[in-house]
Amino acid sequence: MDNFDLVVIGGGPGGYVCAIRAAQLGLKTACIESRGALGGTCLNVGCIPSKSLLNLSENFHKAKKDFNQQGIEIEGIKLNIEKMMSNKNKSIQVLTKGVEFLFKKNKVTYIKGKGVLFSKNDILVYDNNKKTNYKSKNIVIATGSQVVSLPGIEIDEHNIISSTGALSLNSVPKKLAVIGGGYIGLEMGSVWSRLGSEVTVIEYLDHITPGMDREISNEFKKILIKQGIKFKLGSKVNSVKKKGSGVSINFTDIKNSKNETADFDKVLVSVGRKPYTEGLNLAKVGVKKDAKGRIEVNEKLQTSIKNIYAIGDVIKGPMLAHKAEEEGIAVAEILAGQAGHVNYDVIPGVIYTAPEVATVGKTEEQLKSENRSYKVGKFPFMANSRAKVNNETEGFVKILADSKTDKVLGVHIIGPHCGDMIAEMALAMEFGASAEDIARTCHAHPTHTEAIKEAALAVDKRPIHF
Numbered sequence: 010m011d012n013f014d015l016v017v018i019g020g021g022p023g024g025y026v027c028a029i030r031a032a033q034l035g036l037k038t039a040c041i042e043s044r045g046a047l048g049g050t051c052l053n054v055g056c057i058p059s060k061s062l063l064n065l066s067e068n069f070h071k072a073k074k075d076f077n078q079q080g081i082e083i084e085g086i087k088l089n090i091e092k093m094m095s096n097k098n099k100s101i102q103v104l105t106k107g108v109e110f111l112f113k114k115n116k117v118t119y120i121k122g123k124g125v126l127f128s129k130n131d132i133l134v135y136d137n138n139k140k141t142n143y144k145s146k147n148i149v150i151a152t153g154s155q156v157v158s159l160p161g162i163e164i165d166e167h168n169i170i171s172s173t174g175a176l177s178l179n180s181v182p183k184k185l186a187v188i189g190g191g192y193i194g195l196e197m198g199s200v201w202s203r204l205g206s207e208v209t210v211i212e213y214l215d216h217i218t219p220g221m222d223r224e225i226s227n228e229f230k231k232i233l234i235k236q237g238i239k240f241k242l243g244s245k246v247n248s249v250k251k252k253g254s255g256v257s258i259n260f261t262d263i264k265n266s267k268n269e270t271a272d273f274d275k276v277l278v279s280v281g282r283k284p285y286t287e288g289l290n291l292a293k294v295g296v297k298k299d300a301k302g303r304i305e306v307n308e309k310l311q312t313s314i315k316n317i318y319a320i321g322d323v324i325k326g327p328m329l330a331h332k333a334e335e336e337g338i339a340v341a342e343i344l345a346g347q348a349g350h351v352n353y354d355v356i357p358g359v360i361y362t363a364p365e366v367a368t369v370g371k372t373e374e375q376l377k378s379e380n381r382s383y384k385v386g387k388f389p390f391m392a393n394s395r396a397k398v399n400n401e402t403e404g405f406v407k408i409l410a411d412s413k414t415d416k417v418l419g420v421h422i423i424g425p426h427c428g429d430m431i432a433e434m435a436l437a438m439e440f441g442a443s444a445e446d447i448a449r450t451c452h453a454h455p456t457h458t459e460a461i462k463e464a465a466l467a468v469d470k471r472p473i474h475f
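Quick note, the sequence shown lines up with residues 10 to 475 if you use my numbering.
And the structure:
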């Protein structure tokens with residue numbers, strides 16, 4: 010009973026997907042999870058609960074600010090934060106139980122507890138005072154990542170909170186500071202801004218969303234400012250101290266060395282995440298890590314110990330649930346003798362604000378640094394009929410294509426529903442499509458996706474509606 014073909018340590022999106030696929034392929038598989046619920050950070054305190062609050066806060070904001078002028082008159086609208094959080098928590102419970110059901114259906118053994126490597130084939134699982142040994146031909150490390158803070162700033166999840174705390178506030182803070190202008194900080198800042206907080210984002214760089222196409226990033230910042238979010242860019246945080254029932258932040262403008270202190274009710278520290286590999290006994294077993302603490306793997310996702318694999322946030326690459334899932338499936342298929350593979354050039358990223366931001370492939374800055382010759386096609390949503398009638402006209406579609414071959418190299422969208430729309434472009438790029446291929450594909454009218462067709466036409470300077 011305690012011998013397996015594969016044991017996966019970690020039941021997040023990478024780990025549970027890997028375990029299910031391996032079981033489908035006939036491997037005797039187990040998955041170890043210490044949280045007490047499957048789904049990892051993503052399902053429990055990340056992607057899923059944040060999307061619930063993003064959706065609900067957007068509905069609240071629209072009902073309060075937009076509906077009246079559109080002929081939907083609502084009186085006495087009020088926020089019940091307790092009900093909103095309860096709705097979010099119910100969704101999480103249903104989904105985590107759903108993953109448990111999938112384990113049963115696919116005959117994956119679910120082991121509760123903390124898994125520790127004892128040798129290349131032995132895993133000890135600690136569950137309270139109980140200790141159990143399991144043997145496995147192969148092991149996959151899928152333990153994910155954890156929140157990091159800035160030096161000297163201690164997250165207490167009361168006044169100084171991480172994204173986890175920001176998902177469970179029991180009242181709307183009057184003034185909220187967000188340290189870090191990345192995906193997570195902007196999503197959570199957006200939620201609380203819509204619910205009534207005065208939100209200020211403090212970012213070390215001179216722009217938000219580092220690594221994103223700069224034109225999209227600049228447009229995104231303009232839209233967020235219009236929505237009421239304030240920005241202190243090019244600012245270095247020196248200290249975060251409790252002050253009465255709130256918090257005081259001291260920061261320096263990097264350009265002019267000017268110091269500033271501001272008081273807030275809550276501070277969300279959102280400066281990134283780091284691989285969670287503590288307590289796995291990696292050094293003793295001989296699994297190597299790089300300078301950033303990530304587990305080193307080859308193109309087959311093998312670590313320095315050939316029968317031990319690693320996927321998701323513990324290895325290099327974007328810390329995204331869908332990237333971890335792709336790697337989990339690739340490992341399972343490699344172990345079953347198939348040709349598992351991940352195309353890292355076509356992994357989409359989405360920021361689920363309103364409007365959404367979605368991106369796949371190369372940015373314009375990357376193409377310039379590679380001295381690659383490219384063409385640009387752009388189309389604004391204000392010229393898209395569906396966006397116009399829905400009062401969702403902010404943003405645009407931007408397609409980057411090779412000057413010689415017309416092959417699509419990158420797509421960047423800011424606008425309504427683009428988190429779903431980016432899938433079309435990921436599929437196109439996976440099959441090596443040209444901008445002409447997309448331009449020649451019939452898109453239903455009236456839809457937001459017509460903006461993609463028009464941007465593809467614009468690559469060759471022939472858009473119809475702009």
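Where is the CB? At the ideal position from N, CA and C, for every residue including glycine. All of these numbers come straight from a predicted model, not from anything done at the bench.
Helix, strand or coil at residue i according to DSSP, with G and I counted as helix
i: T141; result: strand
i: Y182; result: The identity of residue 182 in the sequence shown is Pro, whereas the question assumes Tyr. Three-state DSSP puts P182 in coil, outside helix and strand.
i: Q79; result: helix
i: S199; result: helix
i: I86; result: coil
i: K332; result: helix
i: F110; result: helix
i: R395; result: helix
i: N268; result: strand
i: I120; result: strand
i: S443; result: strand
i: N352; result: coil
i: A248; result: Contrary to the premise, residue 248 reads as Ser rather than Ala in this sequence. If DSSP states are grouped into helix, strand and coil, S248 belongs with the strands.
i: K377; result: helix
i: K470; result: coil
i: K325; result: coil
i: K413; result: coil
i: G174; result: helix
i: N115; result: coil
i: R449; result: coil
i: L104; result: helix
i: I164; result: coil
i: P455; result: coil
i: L289; result: coil
Integer-rounded CB distance, given that residue j should sit under 8 Å from residue i
i: G237; j: S279; result: Between S279 and G237 the Cβ distance is about 18 Å, and since that is not below 8 Å, they are no contact.
i: D299; j: S154; result: So it is not a contact: roughly 15 Å between Cβ atoms.
i: Q479; j: N400; result: Nothing can be reported for residue 479: it is not among the residues displayed for the chain, which extend from 10 to 475.
i: K275; j: V256; result: 7 Å
i: I477; j: V26; result: Residue 477 lies beyond the range of the chain shown here (10 to 475); nothing can be said about it.
i: E403; j: I232; result: 5 Å
i: A435; j: V355; result: 5 Å
i: I423; j: I225; result: 5 Å
i: L176; j: L104; result: So it is not a contact: roughly 15 Å between Cβ atoms.
i: K387; j: A467; result: 6 Å
i: N320; j: V340; result: It is worth fixing the name first, because residue 320 is Ile in this sequence and not Asn. Correct: roughly 6 Å between the Cβ atoms.
Delimiting residues of the beta strand (DSSP E) encompassing residue i
i: Q155; result: 154 to 156
i: D262; result: 255 to 262
i: R44; result: Looking at the DSSP string, R44 is not in any beta strand (DSSP E), and its letter there is neither H nor E.
i: I317; result: 317 to 319
i: P284; result: 282 to 284
For residue i, the residue or residues it bridges with in DSSP
i: L15; result: T38, N147
i: K407; result: K387, H421
i: L133; result: V125, N142
i: G346; result: G346 pairs with nothing; no bridge assigned.
i: I169; result: V276
i: T209; result: A186, K239
i: I217; result: According to DSSP, I217 bridges with nothing at all.
i: I304; result: K298
i: Q311; result: Y318
Residue range of the unbroken alpha helix (DSSP H) whose run includes residue i
i: D429; result: 427 to 439
i: D53; result: Correcting the residue identity first, residue 53 is Asn in this sequence and not Asp. That run of the alpha helix (DSSP H) goes 49 to 54.
i: V366; result: Per DSSP, V366 belongs to no alpha helix (DSSP H); it is in the beta strand (DSSP E), 365 to 370.
i: K358; result: One point to set straight first is that residue 358 is Gly, not Lys, in the sequence displayed. Looking at the DSSP string, G358 is not in any alpha helix (DSSP H); the run it does join, the beta strand (DSSP E), is 358 to 360.
i: A72; result: That residue, A72, is in no alpha helix (DSSP H); it is neither H nor E in DSSP.
i: C27; result: 22 to 33
Short CB-CB distance (under 7 Å) between residue i and chain C
i: E373; result: This model lacks chain C altogether; it includes just one protein chain.
Pairs of beta-carbons, one from the segment 255 to 263 and one from the segment 456 to 470, closer than 8 Å: are there three or more? Between the segment 255 to 263 and the segment 456 to 470 there are fewer than three C-beta pairs closer than 8 Å, too few to call the two in contact.
Can you find at least 3 beta carbon pairs, one from the segment 360 to 367 and one from the segment 336 to 349, that sit closer than 8 Å? Taking one beta carbon from each stretch, the segment 360 to 367 and the segment 336 to 349 have fewer than 3 pairs nearer than 8 Å; the two do not touch.
Take every Cβ of the segment 25 to 37, pair it with every Cβ of the segment 79 to 91, and state whether three or more of those distances are shorter than 8 Å. Cβ pair count under 8 Å is below three, so no.
Between the segment 138 to 156 and the segment 277 to 293, can you find at least three pairs of beta-carbon atoms closer than 8 Å? By the criterion of at least three beta-carbon pairs nearer than 8 Å, the segment 277 to 293 is in contact with the segment 138 to 156.
Assess, as a yes-or-no matter, whether the segment 185 to 205 is touched by the segment 61 to 75 under the definition of 3 or more beta carbon pairs within less than 8 Å. Yes: the two stretches touch, three or more of their Cβ pairs being nearer than 8 Å.
Check whether the segment 154 to 174 touches the segment 242 to 252, taking contact to mean three or more Cβ pairs, one atom from each stretch, closer than 8 Å. Short answer: they touch.
Tell me, please, whether the segment 365 to 378 touches the segment 404 to 422 by the rule of three or more beta-carbon pairs shorter than 8 Å. Yes, since at least three Cβ pairs between the segment 365 to 378 and the segment 404 to 422 fall closer than 8 Å, the two stretches touch.
For the segment 38 to 49 against the segment 105 to 124, are there 3 or more C-beta pairs whose distance is under 8 Å? Remark: three or more beta-carbon pairs, one from each stretch, lie closer than 8 Å, so the segment 38 to 49 and the segment 105 to 124 are flagged as touching.
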